[in-house]
Amino acid sequence: MMKKVMIATKNRGKAAEFETLFSKYGIKVHTLLDIEDHPDIEETGNTFEENARIKAETLSKELNEMVLADDSGLIVDELGGAPGIYSARYAGEDKDDEANIDKLLHEMKEVPENKRTARFYCALALAIPGEETILVSGKCEGKILTERHGLNGFGYDPVFYATTAGKSMAELTSKEKNQISHRSEALRNLEPIMKNLFNKK
Ligand SMILES: O=c1[nH]c(=O)c2ncn([C@@H]3O[C@H](COP(=O)(O)OP(=O)(O)OP(=O)(O)O)[C@@H](O)[C@H]3O)c2[nH]1
Ligand SMILES: [Mg+2]
Numbered sequence: 070m071m072k073k074v075m076i077a078t079k080n081r082g083k084a085a086e087f088e089t090l091f092s093k094y095g096i097k098v099h100t101l102l103d104i105e106d107h108p109d110i111e112e113t114g115n116t117f118e119e120n121a122r123i124k125a126e127t128l129s130k131e132l133n134e135m136v137l138a139d140d141s142g143l144i145v146d147e148l149g150g151a152p153g154i155y156s157a158r159y160a161g162e163d164k165d166d167e168a169n170i171d172k173l174l175h176e177m178k179e180v181p182e183n184k185r186t187a188r189f190y191c192a193l194a195l196a197i198p199g200e201e202t203i204l205v206s207g208k209c210e211g212k213i214l215t216e217r218h219g220l221n222g223f224g225y226d227p228v229f230y231a232t233t234a235g236k237s238m239a240e241l242t243s244k245e246k247n248q249i250s251h252r253s254e255a256l257r258n259l260e261p262i263m264k265n266l267f268n269k270k
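The sequence shown lines up with residues 70 to 270 when you count with my numbering.
Following this line, the structure appears as structure tokens:
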């Protein structure tokens with residue numbers, strides 16, 4: 070039997086990354102994109118963890134099965150932590166990656182190189198019916214570039230210089246991004262728990 074996990078996301082970039090990240094465990098990924106006309110789950114929390122928990126528990130209750138959710142975003146020091154939990158909607162409700170980047174570059178226009186520090190953060194929530202939800206997180210340190218570099222990835226990747234890679238996130242192959250990203254670090258922190266769960270079945 071093929072193992073599978075449901076992820077409470079409608080973000081195609083995340084879905085693609087999770088597909089690759091889970092494939093090495095032989096686990097197939099399903100998302101909200103596979104359910105026709107599923108309404109958005111409202112993110113009413115004040116932290117990444119709260120929002121991840123809301124998305125995972127809402128869908129888990131609805132489907133009565135185990136659900137994983139990712140709430141993530143970009144934290145820019147000079148902007149007091151913005152866009153943070155509002156990263157997807159930074160430039161407006163339509164979640165336009167290009168408009169978000171334009172707004173960020175504009176806000177950071179006068180900021181000198183040494184003050185452009187930032188990080189991606191990812192909270193993962195694993196909701197299991199009848200059990201306490203499990204929360205883990207990961208981050209990835211970097212700087213905000215002054216213009217776009219690279220075509221891979223999604224979101225703010227073209228303007229995020231990943232310190233450990235020495236390149237923009239969008240210049241990395243998906244394999245390279247998956248070695249250093251906030252999302253992959255969070256998932257590694259969930260690995261022992263997932264192993265237990267999937268081996269039980
Ligand atoms: O360049 C990026 N590389 C990444 O690896 C990344 N991870 C997150 N983000 C940004 O943060 C928002 C998440 O917000 P978010 O967690 O609410 O997700 P979302 O609303 O897009 O989808 P859903 O999972 O809620 O359905 C995203 O839209 C992006 O703007 C990233 N940007
Ligand atoms: Mg969202």
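Glycine included, every Cβ here is placed at the ideal spot set by N, Cα and C.
Subject >> Neighbourhood of GLU126 by C-beta, 7 angstroms cutoff - its chain only, sequence neighbours within 5 removed >> reply: ALA196, THR202
**OP:** Please list, following the chain, all residues that have a C-beta closer than 6 angstroms to any non-hydrogen atom of ligand 2.
**Re:** GLU112, ALA157
Original post:
The beta strand (DSSP E) with ASP139 in it runs from where to where?
Top reply: Segment 136-145, the beta strand (DSSP E) holding ASP139.
Original post:
Which first and last residues belong to the alpha helix (DSSP H) in which THR89 is found?
Top reply: 81-92
Original post:
Which of helix, strand or coil does DSSP assign to VAL98?
Top reply: Residue state, collapsed to three classes: strand.
Original post:
Between which two residues does the alpha helix (DSSP H) carrying LYS244 extend?
Top reply: First-last of the alpha helix (DSSP H) with LYS244: 243-249.
Original post:
Per the contact definition of three or more C-beta pairs closer than 8 angstroms, is the region 246-257 in contact with the region 80-97?
Top reply: Contact holds: three or more Cβ-Cβ distances are below 8 angstroms.
**OP:** Check whether the Cβ of LEU132 lies closer than 8 angstroms to any heavy atom of ligand 1, and answer yes or no.
**Re:** No, ligand 1 has no heavy atom inside 8 angstroms of this Cβ.
Subject >> Span of the beta strand (DSSP E), counted from its first residue to its last, around SER129 >> reply: Here SER129 belongs to no beta strand (DSSP E); instead the alpha helix (DSSP H) covers 117-132.
Original post:
What is the DSSP secondary structure of GLY207, reduced to helix, strand or coil?
Top reply: strand
Original post:
In whole angstroms, what is the alpha-carbon distance linking ARG122 and GLY207?
Top reply: 15 angstroms
Subject >> Coil, strand or helix - LYS172 by DSSP >> reply: helix
Subject >> Residue nearest to TYR155 in terms of C-alpha spacing, selected from HIS175, ASP106, THR113, VAL136 >> reply: THR113
Original post:
What is the C-beta distance between ALA77 and LEU102, in whole angstroms, given that I count them as a contact (C-beta under 8 angstroms)?
Top reply: Contact flag wrong, Cβ pair sits at about 11 angstroms.
Original post:
Between the region 164-183 and the region 103-112, do three or more beta carbon pairs fall short of 8 angstroms?
Top reply: no
Subject >> Delimiting residues of the beta strand (DSSP E) encompassing TYR230 >> reply: 229-231
Subject >> DSSP bridge partner residues for ALA255 (one or two, in chain order) >> reply: None; ALA255 has no bridge partner.
Original post:
Between TYR230 and ligand 1, is the CB less than 8 angstroms from at least one heavy atom?
Top reply: no
Original post:
So, helix, strand or coil for LYS184, using DSSP?
Top reply: helix
Subject >> Spatial neighbours of SER141 in its chain, beta-carbon cut-off 8 angstroms, leaving aside the 5 residues before and after >> reply: Cβ-Cβ distances below 8 angstroms link SER141 to LYS83, PHE117, SER156, PHE189, TYR190, CYS191, ALA192, HIS251, ARG252 in the same chain, with the five nearest sequence neighbours on each side left out; the list follows chain order.
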